[in-house]
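2 protein chains.
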Amino acid sequence: MTVTLPTRPRRDLVAPDVTNAVNVAQLLGDRSRATVLAMLADGPHCVCEFATALGARENNVSNHLARLREAGLVRATHRAEDGRLAIYERDEAAVAAARAALCTLLR
Amino acid sequence: MTVTLPTRPRRDLVAPDVTNAVNVAQLLGDRSRATVLAMLADGPHCVCEFATALGARENNVSNHLARLREAGLVRATHRAEDGRLAIYERDEAAVAAARAALCTLLR
DNA sequence: GACATATCTCAGTAGCCGCTGAGATAGTTA
DNA sequence: TAACTATCTCAGCGGCTACTGAGATATGTC
């Protein structure tokens, strides 16, 4: 059995790889993107709904959605009912992976 | 029982308040701060250990630790053994709250 | 066809944020 | 006491990023 003695500062510690969690956190660190993801928890929405709820311009929201799309957290579909509308929904697997990365960091 | 009909875009949606989650995400969105929090999961460390592991300057790390301190995620103590060393440890309650805020957002 | 709606893309700009450098403080060692 | 170590604070600079404005595309409506 070993005893935990008072230690000097260690110079051999290795920084863990937090890349995944940091990338997710950077996406969530913007109010517009975080709100979009929160709203999508209830079900799909279109760009204009986000823009209205956020009080933001639609091209602005579209830019944020592009970021979330590139990260794989959301995907866009189109309804036959009105092909103009871009219906966004969460990719639940990707969201679960993102949640796992953050929870691991804050374990 | 109601049937979910195809709907037009709604203009009455309210953006949920994501302030807490966004604030936490902004802190985690930096590699240095995220690494510090990850390293603290194993136990307390001093500034110079973070600096060495990150390959960063100590005043830089100190700045990041000040941000984490202001957010309440970490606290600093001093050992009787060597009063120069600032020993940082996580505030587990605050970390749990941060984790909860992020997990709620990504529910 | 003409017009309106919904979305996307992208260049330019402005503000925020992390890093640096300098200096101060406090405790430790010689 | 002098020198060294560990940390903190802060002003200044540079790079990143979100918002804007303009324009393009595609679909729906009259």
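Top line first, the protein sequences correspond to chains P and B.
FYI, our numbering numbers position 66 of the first sequence as 491, with every residue one higher than the one before it.
FYI, our numbering numbers position 21 of the second sequence as 446, with every residue one higher than the one before it.
Note that the Cβ used here is the ideal one computed from N, Cα and C, for glycine as well.
Predicted model only: the values in this text are computed from it and were never measured.
Under the assumption that ALA459/B contacts ALA518/P (Cβ atoms under 8 Å), give the Cβ distance between them as a whole number of angstroms.
Taking the second sequence and counting its residues from 1, the one referred to as residue 459/B is at position 34. Taking the first sequence and counting its residues from 1, the one referred to as residue 518/P is at position 93. 23 Å between Cβ atoms; not a contact.
Below 7 Å CB to CB, which residues in the same chain sit around ARG492/P once its five sequence neighbours on both sides are set aside?
For this step, residue 492/P is matched to residue 67 along the first sequence. So the qualifying residues of the chain are LEU452, ARG458.
Please state if the CB of ALA446/P and the CB of LEU498/P are separated by a distance shorter than 7 Å.
What you label residue 498/P is simply residue 73 of the first sequence in a count that begins at 1. What you label residue 446/P is simply residue 21 of the first sequence in a count that begins at 1. No, the Cβ-Cβ distance between LEU498/P and ALA446/P is not below 7 Å.
Using a Cβ-Cβ cut-off of 7 Å, state whether LEU490/B counts as contacting chain P.
Walking along the second sequence from the start, residue 490/B turns up at place 65. LEU490/B does not count as touching chain P.
Restricting to runs no shorter than 4 residues, where is the alpha helix (DSSP H) found entirely within the region 448 to 524 of chain P?
Qualifying alpha helix (DSSP H) stretches, in chain order: 456 to 465, 472 to 479, 483 to 495.
For ALA440/B, which of helix, strand or coil comes out of DSSP?
Stepping through the second sequence from its first residue, residue 440/B is reached at position 15. In the three-state DSSP reduction, ALA440/B falls in the coil class, being neither helix nor strand.
LEU531/B vs ALA478/P beta-carbon contact at 7 Å
In the second sequence, the residue the question calls residue 531/B occupies position 106. In the first sequence, the residue the question calls residue 478/P occupies position 53. No, these two residues do not count as a Cβ contact at 7 Å.
List the residues of chain P that THR477/B touches, going by C-beta distances under 7 Å, in chain order.
Taking the first residue of the second sequence as position 1, residue 477/B is located at position 52. Contacts between THR477/B and chain P, judged by CB atoms closer than 7 Å, involve ARG436, LEU438 in chain order.
Mind checking whether CYS471/P and PRO441/B have CB atoms under 7 Å apart?
The sequence position of residue 471/P within the first sequence is 46, counting from 1. The sequence position of residue 441/B within the second sequence is 16, counting from 1. If you check the CB distance, CYS471/P and PRO441/B do not come in under 7 Å.
Name the chain P residues whose beta carbon is nearer than 9 Å to that of ARG456/B?
Residue 456/B sits at position 31 when you count from the first residue of the second sequence. Within 9 Å Cβ-Cβ: ALA440, VAL443, THR444, VAL447.
Is it true that the CB of ARG504/B sits closer than 7 Å to the CB of ILE512/B?
Your numbering for residue 512/B matches position 87 in the second sequence. Your numbering for residue 504/B matches position 79 in the second sequence. Contact: yes.
PRO469/B vs GLU514/B beta-carbon contact at 7 Å:
One-based indexing of the second sequence puts residue 469/B at position 44. One-based indexing of the second sequence puts residue 514/B at position 89. Going by C-beta atoms, PRO469/B is nearer than 7 Å to GLU514/B.
Shorter than 7 Å from the beta carbon of VAL499/B to some beta carbon of chain P?
Numbered from its first residue, the second sequence carries residue 499/B at position 74. No, VAL499/B lies away from the interface with chain P (no Cβ there is under 7 Å from its Cβ).
Can you name the residues of chain P whose CB is closer than 9 Å to the CB of LEU453/B?
Sequence index remark: in the second sequence, residue 453/B carries index 28 (1-based). Per Cβ cutoff of 9 Å: VAL443, ALA446, VAL447, VAL449, ALA450, GLN451, LEU453, GLY454, LEU527, LEU530, LEU531.
Taking DSSP as the reference, what is the three-state secondary structure of THR432/B?
Here residue 432/B refers to the residue found at position 7 of the second sequence. Judged by DSSP in its simplified three-state form, THR432/B adopts coil rather than helix or strand.
What number of angstroms, rounded off, separates the C-alpha of LEU465/B from the C-alpha of ASN485/P?
Numbered from its first residue, the second sequence carries residue 465/B at position 40. Numbered from its first residue, the first sequence carries residue 485/P at position 60. Roughly 37 Å between the two C-alpha positions.
Check the Cβ-Cβ distances between THR429/P and every residue of chain B, and say whether any is below 7 Å.
As a first step, residue 429/P must be located in the first sequence, where it is residue number 4. Interpretation of THR429/P is limited by its pLDDT of 41, a score under 50 that renders its predicted location unreliable; no figure is taken from the coordinates.
Which residues in chain P sit within 7 Å of THR502/B, going by Cβ to Cβ distance?
The residue you call residue 502/B lines up with position 77 of the second sequence. Those within 7 Å of THR502/B in chain P number zero; the least Cβ separation is about 13 Å.
Between VAL443/P and ALA496/B, is the Cβ-Cβ spacing less than 7 Å?
Counting from one through the first sequence, the residue named residue 443/P turns up at place 18. Counting from one through the second sequence, the residue named residue 496/B turns up at place 71. With respect to the 7 Å criterion, VAL443/P and ALA496/B are not classified as neighbours on the basis of their beta carbons.
Listing by chain order, which chain P residues have their CB less than 8 Å from the CB of VAL520/B?
Position 95 of the second sequence, counted from the first residue, corresponds to residue 520/B. The contacting residues are LEU531.
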